[in-house]
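Protein chains in written order, with the working numbering: chain V, 1 to 170; chain L, 1001 to 1152.
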């Protein structure tokens, strides 16, 4: 057998071995995934207690009843072009070092609803973790985000709130 | 091509060790690594999950085999292919303007950027040197040795 052929066979064997080892060691984790866990995010139970994903219907209810403080995790300029009425801007990219003052001034027992662009965007998840780390214990992530909100024909608002300084990114 | 056997052994042990370390820290926190993969926005949730379970073990096994000198070429091929993929992935991520943690060494936070690319290029050089190294010649026996003794 040629050197190249031997190397390829060895590499394929290593890949196969890795799949077997991973499958054998992560049986419980694979089971949880197959039961539907981690389909929206990879939060560990415990780590993300108090953070949960919600649908458009629940997001709309929270918005209509005013039960939640709404946070838009997108960049300031995108937020300025249109956002859910009443939502404040808290760009996830800017939240890494310091959460905006508006977030810090919010009582920790309030329910928070966070969203981003939708379509698999991740900044709402990042912001939800930071809100949770900051002490908020009821954080709901509207995964459908802005795309789903506007596609449903729900009201929108432009430039209601100025973005915090240093906001940027998506 | 590097022929010095000592240098090649050093490459083998250092590169293998780095991959074992990188794989272990990821294997300890598979869900965090899955989120790292997902953050690149190239693959969906299921593929991110599957890759997060398998990739660390591929790194560990390839690193261990390389360091131990077993299936050296196969292990060097896996590691070189992974490094080439990481380099392209990092470059594409930078070009897309995404600000993501590279996920290179598990919980150690580092942005996908030029530093990561240069590191990966250095490791790829070592990996290719090992992959393309010539097999050492067998020790010639006394009968075939050109200067094995006086001839009649």
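Even glycine gets a Cβ: it sits at the ideal position worked out from N, Cα and C.
Keep in mind it's a predicted model, so treat the numbers as computed, not measured.
A Cβ-Cβ separation of about 6 Å places residue 1079 of chain L in contact with residue 1015 of chain L under the 8 Å criterion. Judged by DSSP in its simplified three-state form, residue 158 of chain V adopts coil rather than helix or strand. When C-beta atoms of the region 1053 to 1066 of chain L are compared with those of the region 8 to 19 of chain V, three or more pairs fall below 8 Å, so the two segments count as touching. The beta carbon of residue 158 of chain V sits closer than 6 Å to the beta carbons of 82 from its chain, once the five residues preceding and following it are set aside; these are given in chain order. Taken in chain order, the complete beta strand (DSSP E) segments of 3 residues or longer contained in the region 79 to 122 of chain V are 111 to 115. Straight-line spacing of the CA atoms in residue 113 of chain V and residue 143 of chain V works out to 10 Å.
Bounds of any beta strand (DSSP E) do not take in residue 1071 of chain L, whose DSSP letter is neither H nor E.
In the DSSP assignment, residue 1038 of chain L falls within the alpha helix (DSSP H) that extends over 1030 to 1039. Ranking L:1054, L:1128 and L:1062 by CA distance to the CA of residue 22 of chain V puts L:1054 first. By the neighbour-count criterion, in which a residue is buried when 16 or more other Cβ atoms sit within 10 angstroms of its Cβ, residue 66 of chain V is exposed. DSSP places residue 69 of chain V in the uninterrupted beta strand (DSSP E) bounded by 68 to 72. Listed along chain L are 1053, 1054 and 1057, each with a C-beta nearer than 7 Å to that of residue 22 of chain V. DSSP links residue 140 of chain V through a beta bridge to V:52 and V:113. Residue 1046 of chain L carries a helical assignment under DSSP once its states are collapsed to helix, strand and coil.
In this structure, the beta-carbon distance from residue 139 of chain V to residue 54 of chain V does not fall below 7 Å. For residue 1115 of chain L, the enclosing alpha helix (DSSP H) has its first and last residue at 1114 to 1132. When 7 Å is used as the limit between beta carbons, residue 84 of chain V is near no residue of chain L, the shortest such separation being about 23 Å. Chain V has a Cβ within less than 7 Å of the Cβ of residue 1049 of chain L.
Residue-level contact by beta carbon holds for residue 19 of chain V and chain L, with a gap shorter than 7 Å. By the neighbour-count criterion, in which 16 or more other beta carbons inside 10 Å mark a residue as buried, residue 84 of chain V falls on the buried side. Of all alpha-carbon atoms in V:31, V:56, V:28 and V:42, the one lying nearest the alpha-carbon of residue 1033 of chain L is that of V:42. Its Cα nearest to that of residue 1067 of chain L, the residue L:1012 stands out among L:1002, L:1012 and L:1135.
Taking 7 Å as the cut-off, the beta carbon of residue 1129 of chain L is found closer than this to the beta carbon of residue 1002 of chain L. Pairing residue 1122 of chain L with residue 121 of chain V, the inter-Cα distance amounts to about 33 Å.
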